[in-house]
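Student:
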Amino acid sequence: MIFRVLGLLLIAASAHAADPAPRPSGSRLYTPPTLGRPVPTNPFQCERLLRYKGKILSCDTHMSNDGEGLRPIYEGTPEALQELDVYQRNRKRVRLGGYTGTFSIVLFLANPLIANLVTKDQSKRDSLKTTLRLTGVAITLGSAVYGISYLKANEEHLNRSITRFNDRHPTDQIELIYKTEF
């Protein structure tokens, strides 16, 4: 019912939208110049760089710490590529911990609503609220510990991929550099 009302309101509002201004025939559309996006400043940034053949290159893409900058260098070294693939797969798997943590926070915050829906007895409702709160906190802490420890252990795959590349190419070594800014 509420969706029907919202839909009708949306249709009614869009029916009175202004028509675009008429343009003289033959005129070209003008797009104003775009403003450059400001670079977000992160006071606790840690950028991973690598030194390869005397050049400083980025280890990661601009979107995330995925080690994708190493892939073109690793082309002739399948062992290093395998470790890099494992590293990237594991980074995607850690999202499950984030989803679990989000669910448990919702469980913690919605415990009064859930308890009221499940039972009408006040004593049972209070004990259910307490149980849901404790469960929410425990799962949140557990998923945070899981995610942090999994990410730390996963960094070993990236280091192992660099080691395997360096073993196969003793003249063209890769050095990982951490650049921190505070």
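Here the sequence shown stands for residues 85 to 266, where the numbers follow my numbering. Where a beta carbon is used, it is the ideal one built from N, C-alpha and C, also for glycine. Here the structure is a predicted model, which means the values were calculated and not measured.
1) In the stretch 152-190, which residue ranges form an unbroken alpha helix (DSSP H) of at least 4 residues, counting only runs that do not cross its ends?
2) Over what stretch of residues does the beta strand (DSSP E) that includes lysine 139 continue unbroken?
3) Between threonine 203 and serine 233, what straight-line distance do the alpha-carbon atoms span, to the nearest angstrom?
4) With a CB to CB cut of under 6 angstroms and the five nearest residues on each side skipped, what residues in its chain are close to serine 188?
5) Helix, strand or coil for lysine 204? Go by DSSP, reduced to three states.
6) Using a Cβ-Cβ cutoff of less than 8 angstroms, which residues in the same chain neighbour glutamine 172 once the five nearest sequence positions on both sides are dropped?
7) Quickly, what does DSSP pair glutamate 259 with across the bridge? List them, please.
8) Taking 7 angstroms as the threshold (C-beta atoms), are glutamate 163 and arginine 244 in contact?
9) Name the residue from Ala237, Ile261, Thr161, Leu218 whose alpha carbon lies nearest to the alpha carbon of proline 196.
10) Let me check understanding here. Comparing Cα to Cα, which of Ala228, Arg175, Leu133 lies closest to glycine 185?
11) Excluding the five sequence neighbours on either side, which residues of its own chain have a C-beta within less than 7 angstroms of the C-beta of lysine 213, listed in chain order?
Tutor: A quick look at the data gives this:
1) 162-177
2) Counting from 1 along the sequence shown, the entry for residue 139 is found at position 55. 139-142 is the extent of the beta strand (DSSP E) around lysine 139.
3) Taking the first residue of the sequence shown as position 1, residue 203 is located at position 119. Taking the first residue of the sequence shown as position 1, residue 233 is located at position 149. Their backbone Cα atoms lie some 38 angstroms apart in a straight line.
4) To locate residue 188, count along the sequence shown from 1; it is residue 104. Result list for serine 188: Gly220, Ile223, Thr224, in chain order.
5) Your numbering for residue 204 matches position 120 in the sequence shown. Reduced to three states, the DSSP call for lysine 204 is coil.
6) For this step, residue 172 is matched to residue 88 along the sequence shown. Same-chain partners within the cutoff: Asp150, Gly151, Glu152.
7) Here residue 259 is taken as the residue at index 175 of the sequence shown, counted from 1. Answer is Arg135.
8) As a first step, residue 244 is located in the sequence shown; it is residue number 160 there, counting from the start. As a first step, residue 163 is located in the sequence shown; it is residue number 79 there, counting from the start. No, the pair does not count as a contact, with Cβ atoms beyond the cut-off.
9) Your numbering for residue 196 matches position 112 in the sequence shown. When only C-alpha atoms are compared, the closest one is Leu218.
10) Taking the first residue of the sequence shown as 1, we reach residue 185 at position 101. Considering only alpha carbons, the answer is Ala228.
11) Residue mapping note: residue 213 aligns to position 129 of the sequence shown, counting from 1. Result list for lysine 213: Asn195, Pro196, Ala199, in chain order.
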